[in-house]
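In this note's numbering, the protein residues as written are -7 to 661.
Beta carbons are placed, not taken as given, at the ideal position from N, Cα and C, and that holds for glycine.
These notes concern the structure reproduced below.
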């Protein structure tokens, strides 16, 4: 029975329940987001806070930066204020947000202005956003403010626009985990008017700001960045809601492009065309391909990996799909991701192939519904020499199957000839159909078609009078021959599909088993050494190659903490160092140091690169194996962070116990 497309995704529902259970134990984070100082973020936050107080909520002002603005300060009248923490630093008295006081007070909502602010020296956390995260994890709701120039991933873009690099940034993960992001927006003209009136900075500072950061062109660009960032957040929420509610219809709320990629040489042009189209529409795009159950030849796999690597380098999200058929997998994924346009290549084969095997293009167009399908001419066809080489390789690979098909039909004919006195005509037909099914299961579709044709000929020559000729005395046997060939064709197709699905299921089972075994090994690791050992040993076993885990040292170097294979790591160390410093893969199969024999992949944590995993790799790693390696690295990074957090929590507990004992001793004295 076909699955109901309107039925919610069970995995999405489970993820939603887990997320809701986790959020139930935490506070809620609300971010008031703007494109520049002075747009009214703090003012809006205080307005919302006063409304909550009027409704009976427990709201406390943790820290508010008024910058001398009377309108902002006036909104604080009547609100509970948390006394600031005073810090002595180099002869000066600094005031800052008191995290411990907020945790002890445990209000319903605490207002913490300027999320990207750097805390005073000696604070528990160096950054204010870390204080906010601790409050949220303790179950306290937090209201905070943030400007677009302080988002870490946009730091370089903002520096290019304004000519000034912002030093205080907030990781993107903090903004992503916010329960609500409210955009506080005004026009650049209104902001410049506020600046001239002295409502943002003092007049002398406002004059300098107008000549540098607060130029109209800068504000327009920053406003566009803020609008797009909030739009991306809304799009993520829309996709999550569609997934959990099982919405299958395409909503044209935003453009999203899906490029169908494969091992064909024409896919290169499709990828480039998809990139140009996405750039023109400023839309996200996906490069997707459907895994064939029978696998690919080495040449086709290398070509496919090159196309997918090109798509990733051009900014695409790469998706590997599986399904009973290529059109069904593409269309199903497109509807799940709310794709509005599908880019597919023109057919270059003959019409006879479409009549026999079906047309991918035709099925995608017919089943696309409200999704637009764009058909693009691919790259130039392979040269005549390459075509001949591919033909020879295909002939050599399939010759065994065709010879085996002929041999099995010959053997079946010989057996049935000697047993013909004991068998009726339908029994003979069934024997040949079993042969066709066996050939399809063993050798594939092409040899099974040959077996079906030879079976019809053998049945006619040896078992239909007049014998040993292709002539037919009774015309009714012609229908038998046609039905026999048609049944063999259908049977071979079904058998081939089952064989492909079996191989696909076997591959998925192997990948799942490897990840499950890794999760079990990492879960039992109680120290950083045990986690790294489990990761390296399991990766070495799965990928059948020496693997090493590189970790930073206190002196700023990088050392191979755990290795397998016992080989020298001196040649890998420069590659691993570059990978660690830049946070990007390097070595074999990448664009950086591709001549090296090893591949290095960064182990990313929530805020920084934790280490590097390296493995000996003679050439480019296949895309399927690369996805598996990325999954290994992600799980290893999560386990490593878990162990470090546990160690930090234990150390903090020990320090707290010592402080209590010291306080007790001081009181006794």
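Excluding the 5 residues flanking residue i on each side, which residues of the same chain have their C-beta closer than 6 Å to its C-beta?
i           : result
residue 338 : 367, 369
residue 375 : The predicted model places residue 375 with a pLDDT of 45, which falls under 50 and marks its position as unreliable, so this point remains unresolved.
residue 584 : 578
residue 547 : none
residue 373 : With a pLDDT of 47 at residue 373, under the threshold of 50, the modelled position of this residue cannot be trusted; read the value that follows with caution. For residue 373, where only same-chain residues beyond five positions count, there are no Cβ hits under 6 Å.
residue 564 : 590, 606
residue -4  : Residue placement at residue -4 is poorly supported in this model, since its pLDDT is 48, which falls under 50; the coordinates still yield a value, given next. Nothing listed; no residue qualifies.
residue 232 : none
residue 121 : 107, 162, 166
residue 408 : 420, 423
residue 50  : 99, 100
State the Cα-Cα distance for the pair residue i and residue j, rounded to the nearest angstrom.
i           : j           : result
residue 32  : residue 118 : 26 Å
residue 115 : residue 87  : 11 Å
residue 647 : residue 638 : 14 Å
residue 295 : residue 499 : 21 Å
residue 650 : residue 92  : 18 Å
residue 319 : residue 497 : 19 Å
residue 494 : residue 430 : 15 Å
residue 677 : residue 104 : With the chain represented from -7 up to 661, any question about residue 677 goes unanswered, as that position is not in the structure.
residue 291 : residue 456 : 46 Å
residue 663 : residue 98  : The requested residue 663 is not part of the displayed model; the chain covers only -7 to 661.
residue 257 : residue 628 : 36 Å
residue 632 : residue 574 : 20 Å
residue 128 : residue 100 : 11 Å
residue 437 : residue 420 : 22 Å
residue 400 : residue 427 : 7 Å
residue 275 : residue 249 : 7 Å
residue 619 : residue 301 : 12 Å
residue 252 : residue 336 : 5 Å
residue 386 : residue 570 : With a pLDDT of only 45 at residue 386, under the threshold of 50, the placement of this residue in the model should not be trusted, and no figure is reported.
residue 43  : residue 576 : 47 Å
residue 306 : residue 145 : 17 Å
residue 383 : residue 354 : Low confidence applies to residue 383: its pLDDT is 43, below 50, so where it sits in the model is not reliable enough to give any reading.
residue 435 : residue 508 : 33 Å
residue 395 : residue 413 : 29 Å
residue 85  : residue 126 : 25 Å
Grab me the residues of residue i's own chain with a C-beta within less than 7 Å of its C-beta, minus the 5 sequence neighbours each way, in chain order.
i           : result
residue 230 : 245
residue 425 : 479, 480, 483
Along the beta strand (DSSP E) that carries residue i, what are the first and last residues, could you check?
i           : result
residue 594 : 590 to 596
residue 541 : 539 to 544
residue 250 : 249 to 252
residue 603 : 601 to 608
residue 24  : 21 to 26
Just to confirm, are residue i and residue j a CB contact at a threshold of 8 Å?
i           : j           : result
residue 604 : residue 593 : yes
residue 94  : residue 74  : yes
residue 328 : residue 247 : no
residue 72  : residue 35  : no
residue 580 : residue 609 : yes
residue 699 : residue 555 : With the chain covering -7 to 661 only, the question about residue 699 has no answer from this structure.
residue 701 : residue 260 : What is shown of the chain runs -7 to 661, which leaves residue 701 out entirely.
residue 624 : residue 446 : no
residue 131 : residue 17  : yes
residue 133 : residue 19  : yes
residue 505 : residue 513 : no
residue 356 : residue 313 : no
residue 501 : residue 432 : no
residue 147 : residue 242 : no
residue 635 : residue 516 : no
Below 8 Å CB to CB, which residues in the same chain sit around residue i once its five sequence neighbours on both sides are set aside?
i           : result
residue 622 : 593
residue 149 : 217
residue 521 : 553, 554
residue 597 : 629, 632, 633
Output the boundary residues of the alpha helix (DSSP H) element that contains residue i.
i           : result
residue 135 : Segment 133 to 139 is the beta strand (DSSP E) holding residue 135; no alpha helix (DSSP H) there.
residue 68  : Neither: residue 68 is in no alpha helix (DSSP H) and is coded neither H nor E.
residue 317 : From DSSP, residue 317 is part of no alpha helix (DSSP H); its letter is neither H nor E.
residue 149 : 147 to 154
residue 423 : 417 to 435
Does the beta carbon of residue i come closer than 8 Å to any beta carbon on chain B?
i           : result
residue 463 : The structure shown contains no chain B, having only a single protein chain.
Segment contact, 8 Å Cβ cut-off, at least three pairs: the region 150 to 157 with the region 98 to 112 = The region 150 to 157 makes no contact with the region 98 to 112: fewer than 3 CB pairs, one atom from each, lie closer than 8 Å.
query = Any contact of the region 21 to 40 with the region 173 to 182, i.e. 3+ C-beta pairs under 8 Å?
reply = The region 21 to 40, when compared against the region 173 to 182, does touch it at the 8 Å Cβ threshold.
query = At a cut of 8 Å, does the region 124 to 143 reach the region 210 to 228 through at least three beta carbon pairs?
reply = Taking 8 Å as the limit for Cβ pairs, the verdict is that the region 210 to 228 does touch the region 124 to 143.
key: At least three beta-carbon pairs within less than 8 Å, the region 529 to 549 to the region 266 to 275   = Taking 8 Å as the limit for Cβ pairs, the verdict is that the region 266 to 275 does not touch the region 529 to 549.
inquiry  = I'd like to know if the region 402 to 411 and the region 456 to 465 are in contact, where contact means that at least 3 CB-CB pairs between them fall below 8 Å.
reply    = Cβ pair count under 8 Å is below three, so no.
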